[in-house]
Amino acid sequence: MLSHPSLRHLTFPAITAGLVAVLVGYASSAALIFQAAEAAGASALQTGGWLTMLGLAMGVTSIGLSLWYRTPVLTAWSTPGAALLATSLPGTSVAEAVGVFIFASALILLCGVTGLFARLMNHIPQAISAAMLAGILLRFGMDAFTSLSLDFPLAGSMCLAWLLCRRYLPRYAVVIALLTGLLAAALSGSIHFSDEPLRFSLPAYTAPHFTFATLLGIGLPFFIVTMASQNAPGIATLRAAGYPTPVSSLMSWTGLAALLLAPFGVFSVCIAAITAAICMGPEVHPDPQRRYWGAVCAGFFYLVAGIFGAAVVQLFNAVPPALIHTLAGLALLGTIAGSLQRALADESQRDAAVITFLITASGLSLLGIGAAFWGVLGGVIAHLALRLPERKKRLL
0 MLSHPSLRHL
10 TFPAITAGLV
20 AVLVGYASSA
30 ALIFQAAEAA
40 GASALQTGGW
50 LTMLGLAMGV
60 TSIGLSLWYR
70 TPVLTAWSTP
80 GAALLATSLP
90 GTSVAEAVGV
100 FIFASALILL
110 CGVTGLFARL
120 MNHIPQAISA
130 AMLAGILLRF
140 GMDAFTSLSL
150 DFPLAGSMCL
160 AWLLCRRYLP
170 RYAVVIALLT
180 GLLAAALSGS
190 IHFSDEPLRF
200 SLPAYTAPHF
210 TFATLLGIGL
220 PFFIVTMASQ
230 NAPGIATLRA
240 AGYPTPVSSL
250 MSWTGLAALL
260 LAPFGVFSVC
270 IAAITAAICM
280 GPEVHPDPQR
290 RYWGAVCAGF
300 FYLVAGIFGA
310 AVVQLFNAVP
320 PALIHTLAGL
330 ALLGTIAGSL
340 QRALADESQR
350 DAAVITFLIT
360 ASGLSLLGIG
370 AAFWGVLGGV
380 IAHLALRLPE
390 RKKRLL
């Protein structure tokens with residue numbers, strides 16, 4: 000029986016985690032949205048409308064799903080999918096791009112309704128899921144320290160503030176690191192706002208146009224990449240953090256939301272992985288059952304970002320990249336440590352977990368599919384191969 004949500008469980012660290020998650024999500028991949036829209040021939044006004052609807056879609060689904068399941072279910076656009084669209088859409092029209100969005104979202108909805116994706120995820124050991132998550136997050140953790148070479152005073156002050164707070168005020172370590180970074184950036188004159196005025200971008204309906212060539216050549220690969228490189232890591236992130244969520248329901252609701260809003264530029268609504276991990280750490284709340292408020296707060300900030308549409312990108316671009324990279328890495332350190340611990344806890348699955356971790360962390364990309372998919376595949380193959388002799392002994 001689900002308990003009734005209470006605002007008493009809403010904490011300042013949860014609000015901060017939600018803000019950081021949205022900040023990292025937009026700052027790390029919003030540029031891909033512009034590239035994908037430009038590849039489809041969308042105007043600046045249309046692109047702003049796309050960002051508006053994406054923010055509103057992710058905000059509503061994050062808040063609704065997190066409150067309903069009392070789980071930090073954070074949604075996001077498909078970053079690998081956006082990258083694929085940016086390279087595949089040139090030469091197509093906006094109407095054909097919308098047709099691709101509808102086609103892929105319909106397939107995702109079908110996977111959710113039929114339960115195919117859930118059955119597949121049930122056969123992946125938890126150690127492999129945790130190892131994949133650690134591999135995905137490794138680069139972000141390393142970025143926190145490679146940023147020292149980009150802007151040592153800024154990144155160094157953030158790392159020092161985080162370290163001191165982890166000793167004396169652990170729940171507010173990320174908050175203090177963010178404030179320290181903003182102060183350091185302001186003092187050094189590294190915050191640069193654009194001269195363009197902030198503006199609102201209203202979404203516009205685009206009638207879809209379906210062609211066999213775009214659906215097969217772009218829509219099907221886009222669907223595969225989205226499921227393998229975004230939804231699979233997202234579900235694995237939830238499970239690795241100890242949240243046994245109903246996979247089919249999540250696929251159905253996110254697929255339905257994207258399907259209904261595709262004519263307005265919502266190319267995907269997926270289960271977040273990297274940004275969701277920020278809302279699952281012990282800094283959000285000591286009780287894991289209360290951490291869903293971090294995702295709820297992120298949903299609220301999604302709504303704010305959606306209202307302002309393209310203007311939010313101007314705000315994110317005002318701060319130096321080193322601040323974003325350092326903040327993301329520090330916010331994810333606890334999640335990285337927990338994932339590695341769960342991945343290596345079971346000695347019988349340790350080799351397969353290490354293989355998964357290394358493949359995922361390598362950034363391998365084959366057939367247009369990202370390293371997360373190949374990491375899980377390699378780990379499952381290793382897991383089955385290493386357990387095969389034991390099964391033979393039992394038969395004897």
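Note that my numbering has the sequence shown beginning at 0, numbered continuously upward. For glycine and all other residues, C-beta sits at the position ideal for the given N, C-alpha and C.
Would you kindly work out how many angstroms separate the C-alpha atoms of residue i and residue j, rounded to a whole number?
i, j, result
"residue 206", "residue 14", "38 Å"
"residue 274", "residue 54", "14 Å"
"residue 183", "residue 152", "7 Å"
"residue 323", "residue 213", "36 Å"
"residue 34", "residue 255", "25 Å"
"residue 242", "residue 348", "20 Å"
"residue 396", "residue 38", "The structure shown has nothing for residue 396, since the chain only spans 0 to 395."
"residue 379", "residue 221", "24 Å"
"residue 19", "residue 77", "18 Å"
"residue 326", "residue 41", "32 Å"
"residue 307", "residue 43", "14 Å"
"residue 164", "residue 227", "37 Å"
"residue 21", "residue 174", "14 Å"
"residue 435", "residue 336", "Outside the shown range of the chain (0 to 395) lies residue 435, about which nothing can therefore be said."
"residue 392", "residue 377", "With a pLDDT of only 49 at residue 392, under 50, the local geometry of the prediction cannot be trusted, and no value is derived from it."
"residue 162", "residue 204", "49 Å"
Considering residue i, what are the terminal residues of the alpha helix (DSSP H) in which it resides?
i, result
"residue 278", "First-last for residue 278: undefined, no H or E at that position."
"residue 226", "From DSSP, residue 226 is part of no alpha helix (DSSP H); its letter is neither H nor E."
"residue 324", "320 to 344"
"residue 288", "Note, residue 288: premise wrong, no alpha helix (DSSP H); not H, not E."
"residue 259", "246 to 260"
"residue 68", "43 to 68"
"residue 187", "172 to 187"
"residue 145", "125 to 149"
"residue 87", "78 to 87"
"residue 109", "93 to 113"
"residue 72", "Here residue 72 belongs to no alpha helix (DSSP H), and DSSP marks it neither H nor E."
If you compare alpha carbons, which of the options is closest to residue i?
i, options, result
"residue 299", "59, 46, 37", "59"
"residue 284", "50, 70, 176", "70"
"residue 259", "103, 164, 282", "103"
"residue 17", "62, 146, 334, 296", "296"
"residue 110", "383, 249, 287", "249"
"residue 305", "8, 158, 29", "29"
"residue 133", "272, 42, 173, 321", "272"
"residue 105", "261, 228, 87", "261"
"residue 210", "252, 168, 96", "96"
"residue 187", "112, 343, 321, 384", "321"
"residue 364", "79, 226, 185", "79"
"residue 9", "217, 282, 113, 215", "282"
"residue 317", "185, 87, 94, 166", "185"
"residue 168", "374, 328, 357, 12", "12"
"residue 36", "266, 303, 384, 357", "266"
"residue 88", "115, 218, 223", "218"
Look at the Cβ atom of residue i, then the Cβ atom of residue j, and state whether they are nearer than 8 Å.
i, j, result
"residue 246", "residue 117", "yes"
"residue 233", "residue 269", "yes"
"residue 136", "residue 361", "no"
"residue 160", "residue 179", "yes"
"residue 32", "residue 81", "yes"
"residue 126", "residue 341", "yes"
"residue 139", "residue 331", "yes"
"residue 319", "residue 150", "yes"
"residue 202", "residue 52", "yes"
"residue 128", "residue 239", "yes"
"residue 23", "residue 294", "no"
"residue 371", "residue 231", "yes"
"residue 65", "residue 301", "no"
"residue 264", "residue 334", "no"
"residue 276", "residue 244", "no"
"residue 253", "residue 74", "yes"
"residue 225", "residue 62", "no"
"residue 381", "residue 344", "no"
"residue 329", "residue 176", "yes"
Flag residue i as yes if its beta-carbon sits less than 8 Å from any beta-carbon of chain D, otherwise no.
i, result
"residue 294", "The structure shown has no chain D; it contains just one protein chain."
Determine the burial state of residue i: buried for a count of at least 16 other Cβ atoms within 10 Å of its Cβ, exposed for fewer.
i, result
"residue 98", "buried"
"residue 84", "buried"
"residue 191", "exposed"
"residue 45", "buried"
"residue 156", "buried"
"residue 288", "exposed"
"residue 346", "exposed"
"residue 366", "exposed"
"residue 355", "buried"
"residue 86", "exposed"
"residue 93", "buried"
"residue 148", "exposed"
"residue 384", "exposed"
"residue 215", "exposed"
"residue 0", "For residue 0, the pLDDT reaches just 41, beneath the cut-off of 50, and the residue's location in the model is therefore unreliable, although a value from the coordinates is still provided. Counting Cβ neighbours within 10 Å, residue 0 comes out exposed, since fewer than 16 surround it."
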